[in-house]
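Sequential numbering from 4 applies to the sequence shown in this note's numbering. We put the CB at the ideal spot given by N, CA and C, even for glycine.
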Amino acid sequence: MRAWKIAALTLATMTVVSCSKSPTGRSQLAFLPEGQLNQMGEQSYEQMKAETPISDDPAINAYVQCVSHALIDVLPEPYSKADWEITVFDQDTVNAFALPGNNIGVYRGLLDVAENQHQLAAVIGHEIGHVIAQHSNERVSSNMAVGAGLQLGAIFANQELESENAALLMSALGIGAQVGILLPYSRTHESEADQLGLDYMADAGFKPIEAADLWRNMAKQSKGAPPELLSTHPSPQTRIDAIEDYAPSLSARVQQAHQQGRNPTCQKPAS
Numbered sequence: 004m005r006a007w008k009i010a011a012l013t014l015a016t017m018t019v020v021s022c023s024k025s026p027t028g029r030s031q032l033a034f035l036p037e038g039q040l041n042q043m044g045e046q047s048y049e050q051m052k053a054e055t056p057i058s059d060d061p062a063i064n065a066y067v068q069c070v071s072h073a074l075i076d077v078l079p080e081p082y083s084k085a086d087w088e089i090t091v092f093d094q095d096t097v098n099a100f101a102l103p104g105n106n107i108g109v110y111r112g113l114l115d116v117a118e119n120q121h122q123l124a125a126v127i128g129h130e131i132g133h134v135i136a137q138h139s140n141e142r143v144s145s146n147m148a149v150g151a152g153l154q155l156g157a158i159f160a161n162q163e164l165e166s167e168n169a170a171l172l173m174s175a176l177g178i179g180a181q182v183g184i185l186l187p188y189s190r191t192h193e194s195e196a197d198q199l200g201l202d203y204m205a206d207a208g209f210k211p212i213e214a215a216d217l218w219r220n221m222a223k224q225s226k227g228a229p230p231e232l233l234s235t236h237p238s239p240q241t242r243i244d245a246i247e248d249y250a251p252s253l254s255a256r257v258q259q260a261h262q263q264g265r266n267p268t269c270q271k272p273a274s
C-alpha cells in the first residue's frame with residue numbers, strides 16, 4: 004500500500020507542476036528544464052556532426068542558410084535572436100531536423116524532393132516548430148507519465164489479481180499506452196509542427212500552399228508505410244488535406260510580409 008501511495012503521489016505531482024501551453028494553446032506536459040533539453044540537443048548535434056559527412060558545397064550551404072535565416076528572422080523571441088547553427092549533411096537521406104539548443108540539420112537528399120525554396124522552407128519551418136513547441140520535452144514527459152501510470156497498474160495488478168489475470172492486464176496496459184497515448188501524441192506533435200511551420204513560412208514571405216506539393220513529393224518516396232493509426236506521423240494525404248484547409252487563411256500574412264520587404268529569393272543550386 005505504501006508503494007502504491009508513493010507512485011500515485013509521484014504521478015499526481017508530475018501532472019500538477021508541469022502543465023503548460025503550446026504555441027497553439029494546447030495543454031501539454033513539460034517536466035524537464037529548458038537548459039537540460041538544450042544541453043541534450045547540443046550533445047546530440049555534436050555527435051551527429053562527428054559521425055556524419057558534412058557538405059562543403061558552397062552553393063548548397065548558401066541555399067539552405069538563405070531559407071533557414073528567412074524563417075529565423077520572423078520567429079518569436081528569443082528564437083529570432085538566437086544564434087542558430089545550420090549544417091548540411093552530405094547524405095542522400097530525405098530528411099531534416101531541428102534540436103533544442105538552436106540547431107538545424109538538413110540532409111542533401113532532401114533537396115531532391117523539396118523542389119524549390121518554399122518546399123524547403125516547409126520542412127525547416129516544421130522542424131523549428133517542434134523546437135519552439137517543446138515537443139521533445141513533451142514526448143519525454145509523456146513517456147515518464149506513462150511509465151508512472153504503468154507502475155501504478157503493476158502495483159494494482161500484483162496486489163489485487165491472480166498472477167495470470169495480472170499478466171493479461173499489464174499486457175493490455177502496455178498496448179493501450181502505446182497506441183492510445185504515445186503514438187497519437189506524436190501525431191499531434193507532427194500536425195502542430197505543420198501548422199507552426201506554415202505560420203513561419205507566411206510571415207517570412209514564402210508560399211505556404213507549396214507545403215502540400217512537398218508532401219505529395221514525400222508520398223512518392225514512401226513505401227510500405229504503416230497504417231496511420233499505428234504511425235507516429237499523419238498520413239501524407241491527411242497532412243495535404245490539413246495544409247490545403249489552413250494555407251488560404253494565411254494569405255493576408257504573406258501579403259503583409261511582402262509589403263514589409265520579406266520576399267525571399269533563395270536560389271536552389273542546379274542538380
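query: Residues near residue 104 in its chain [Cβ-Cβ closer than 6 Å; skip 5 each side]; result: 41, 44, 45
query: For residue 24: DSSP bridge partner residues; result: 30
query: 7 Å Cβ shell around residue 23 - same chain, five flanking residues per side excluded; result: 31, 33
query: Residue 25 to residue 128 span [Cα, whole Å]; result: 16 Å
query: Under the three-state DSSP convention, the category residue 90 falls into; result: strand
query: For residue 82, the first and last residue of its enclosing alpha helix (DSSP H); result: Neither: residue 82 is in no alpha helix (DSSP H) and is coded neither H nor E.
query: Buried or exposed (CB count within 10 angstroms, at least 16 for buried), residue 254; result: exposed
query: Nearest residue (CA-CA) to residue 296, options 88, 35, 75; result: Here the chain covers residues 4 to 274 and nothing more, so residue 296 does not appear.
query: First and last residue of the uninterrupted beta strand (DSSP E) at residue 101; result: 99-102
query: According to DSSP, residues forming a beta bridge with residue 106; result: 88, 102
query: Under the three-state DSSP convention, the category residue 63 falls into; result: helix
query: Euclidean distance between Cα positions of residue 81 and residue 115; result: 32 Å
query: Three-state class that DSSP yields for residue 57 in the structure shown; result: strand
query: Whole-angstrom distance between residue 144 and residue 120, CA atom to CA atom; result: 35 Å
query: Residue 158, DSSP secondary structure in three states; result: Its pLDDT being 45, under 50, residue 158 is placed unreliably by the model, and the measurement read from it follows with that caveat. Of the three classes helix, strand and coil, the one that applies to residue 158 here is helix, per DSSP.
query: The segment 243-261 contacting the segment 194-203, beta-carbon criterion three pairs below 8 Å; result: yes
query: Backbone CA spacing between residue 95 and residue 68 [nearest angstrom]; result: 19 Å
query: For residue 65 and residue 75, the rounded distance between their alpha carbons; result: 15 Å
query: C-beta atoms of residue 207 and residue 77 nearer than 8 Å; result: yes
query: Simplified DSSP state of residue 234, which is helix, strand or coil; result: coil
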